[in-house]
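A.B. asks: Quick note on the working numbering: the sequence shown kicks off at 2 and runs consecutively.
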Amino acid sequence: MTRQARTMRSAERGMRNGCSERRIPNTEHPTPNPCAGFTLTELLVVVSIIVVVSLMTIPAMTPFFRGQRLRSGARIVQAAFVQARSVAIAHRAIYQIVFDTAQNTMTIQHAPNRYCYPLGHTDATDVCRYFGKSIELPDRVQFSESEPTISFTPSGSTTLITVEQIKIRDQAGTELILEVQPTTGTVRRSP
2 MTRQARTMRS AERGMRNGCS ERRIPNTEHP TPNPCAGFTL TELLVVVSII VVVSLMTIPA
62 MTPFFRGQRL RSGARIVQAA FVQARSVAIA HRAIYQIVFD TAQNTMTIQH APNRYCYPLG
122 HTDATDVCRY FGKSIELPDR VQFSESEPTI SFTPSGSTTL ITVEQIKIRD QAGTELILEV
182 QPTTGTVRRS P
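Written as structure tokens, this is what we have:
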């Protein structure tokens with residue numbers, strides 16, 4: 002049987018299988034059959050394989066997500082320290098981070114019993130205010146113990162004498178320690 006006869010037969014077979022488009026076969030450059038496709042059985046097999054593989058990977062991903070929540074809490078604490086330090090430098094005043102371990106929140110505020118406006122400013126209402134809402138830790142992440150209030154001076158350093166440790170933990174008991182450097186006010190995760 003010649004090649005042209007085979008392509009004519011496949012075109013006729015396509016007509017019988019419900020394909021309404023009759024093509025004139027091109028023997029020099031054959032094109033795929035426009036009626037070709039996947040059966041429902043083939044699609045169901047592929048979808049079921051995808052479901053089985055995804056169900057097998059979920060238990061392997063669970064520890065990653067648990068650790069991710071704790072790392073997210075550490076980034077929130079670090080961002081609060083950067084913000085408090087920046088505000089203290091920009092306003093040339095003392096600002097502090099007040100921890101509320103019962104609510105698992107932090108608040109950046111002006112230090113009490115200090116002059117309330119930066120040097121050269123006469124309007125104290127611009128600087129003497131709380132900076133909005135409390136900064137919350139993610140769900141199921143909390144401070145491990147009572148944390149001190151940490152103050153930032155106009156130079157960007159803290160009023161701490163030694164390195165202060167801030168401990169946060171998740172419900173599984175995994176703990177992460179953040180160290181506050183007294184001279185620079187930076188926070189980094191301890192190994």
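Idealized CB from N, CA, C, for every residue including glycine.
#1: Any idea which residues DSSP pairs His111 with across the strands?
#2: Taking the C-alpha atoms as reference points, what is the distance between Val83 and Pro60?
#3: In terms of alpha-carbon separation, which member of Ile151, Leu177, Thr42, Arg72 lies closest to Thr185?
#4: Taking only the alpha-carbon atoms, compute the straight-line gap between Met62 and Ala85 and give it to the nearest angstrom.
#5: Within 10 angstroms of its Cβ, does Gln69 collect 16 or more other Cβ (buried), or is it exposed?
#6: Roughly how many angstroms separate the alpha carbons of Gln172 and Thr42, rounded to a whole number?
#7: Starting from the Cα of Val222, find the closest Cα among Val52, Thr106, Thr58, Pro155 and give me that residue.
C.D. replies: Result, derived from the coordinates:
#1: Tyr96
#2: 36 Å
#3: Ile151
#4: 35 Å
#5: exposed
#6: 45 Å
#7: Examination of residue 222 is not possible in this model, given that the chain is present from 2 through 192 alone.
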